[in-house]
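Quick note: the sequence shown uses our numbering, first residue 412, plus one each step. C-beta: ideal position from N, C-alpha, C; glycine also. Treat the numbers as computed from the prediction; the structure is a model and nothing was measured.
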Amino acid sequence: MRLPKTAHTSLPWRIHEIAGDFQVEDVWALPTPGGPDDLARLVHQFAAGTGDPVPSPVARVLFAVRWKLGKLLGWDKEDGGLGARVPTLRDRLPADLREGERGPDLRSAPFTSVYQTHDEWVAETANRTMHGALHIGWVPDGNGGYHGQMTVLVKPNGRLGAFYMLGIKPFRYLGVYPALLRSIGREWRENAPTAGP
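As structure tokens, this is what we get:
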């Protein structure tokens with residue numbers, strides 16, 4: 412379920428300290444019901460990439476077109492990414508986050524982990540169009556349980572980045588996010604811990 416941006420901005424996440432110049436692009440409630448300590452399980456699921464990272468035929472076509480355009484236009488060259496065009500968000504971390512758990516990088520997508528706490532995890536990516544951060548928070552569901560909340564934050568690279576983000580918006584909402592959320596929920600259920608005797 413898509414959530415208002417305030418579902419992210421109203422909570423005291425540590426990401427606010429380091430990404431104040433990023434825009435909140437999208438916020439989604441994840442179909443990952445659990446207990447108060449289950450963020451690490453969700454992060455492991457994201458990072459392991461055991462499910463299909465592009466879970467539907469429509470999303471596969473959209474990603475294929477995106478990578479072809481990126482190659483043709485040079486959007487994804489190494490000199491346009493982290494540590495080249497933009498510094499990593501890790502350079503902005505306060506000491507406690509820098510010295511704490513970093514969290515795993517994603518195997519199935521070009522995202523590098525920035526930090527992980529008990530209730531949030533951040534990974535980042537960059538290319539010539541934007542610098543993006545994926546924030547996964549672990550939030551109460553209002554009924555005694557918890558679930559994941561996924562926020563996409565972006566810092567577009569000038570007019571090209573703003574145009575790019577505007578251009579891909581309908582494709583994200585129609586093809587990418589619905590399939591991604593279904594895949595996350597399915598994998599969460601399939602890998603649920605079994606109760607002991």
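Looking at residue j and residue i, is the spacing between their C-beta atoms short of 8 Å?
i, j, result
"histidine 558", "proline 444", "yes"
"glutamine 560", "alanine 459", "no"
"arginine 496", "arginine 452", "no"
"tryptophan 549", "aspartate 449", "yes"
"leucine 564", "histidine 546", "yes"
"glutamate 428", "proline 505", "yes"
Note down, in chain order, each residue of its chain lying with its Cβ closer than 7 Å to the Cβ of residue i, except the 5 sequence neighbours on either side.
i, result
"arginine 425", "Leu508, Thr528, Glu531"
"aspartate 432", "Lys566"
Closer than 6 Å by C-beta to residue i: which residues in its own chain qualify, once you throw out the five before and the five after it? Chain order, please.
i, result
"proline 442", "Gly596"
"proline 423", "none"
"lysine 412", "According to the sequence as given, residue 412 is methionine; it is not lysine. Taken in chain order, the residues that qualify are Ala440."
"glycine 556", "Pro444"
Could you give the C-beta distance for residue i and residue j, rounded to a whole number, given that I count them as a contact under 8 Å?
i, j, result
"alanine 544", "alanine 430", "6 Å"
"valine 435", "histidine 419", "6 Å"
"leucine 517", "phenylalanine 457", "6 Å"
When we look at the beta-carbon of residue i and count the other beta-carbons within 10 Å, is it buried (16 or more) or exposed?
i, result
"proline 551", "exposed"
"serine 524", "buried"
"alanine 537", "buried"
"methionine 576", "buried"
"tyrosine 584", "exposed"
"histidine 542", "buried"
"phenylalanine 522", "buried"
Tell me, please, which residues DSSP counts as bridged to residue i.
i, result
"isoleucine 547", "Trp532, Met561"
"alanine 430", "Per DSSP, none; premise fails for alanine 430."
"proline 567", "Met541"
Could you name the residues of the same chain whose beta carbon sits closer than 8 Å to that of residue i, not counting the 5 residues immediately before and after it, in chain order?
i, result
"glutamate 512", "Tyr526, Gln527, Thr528"
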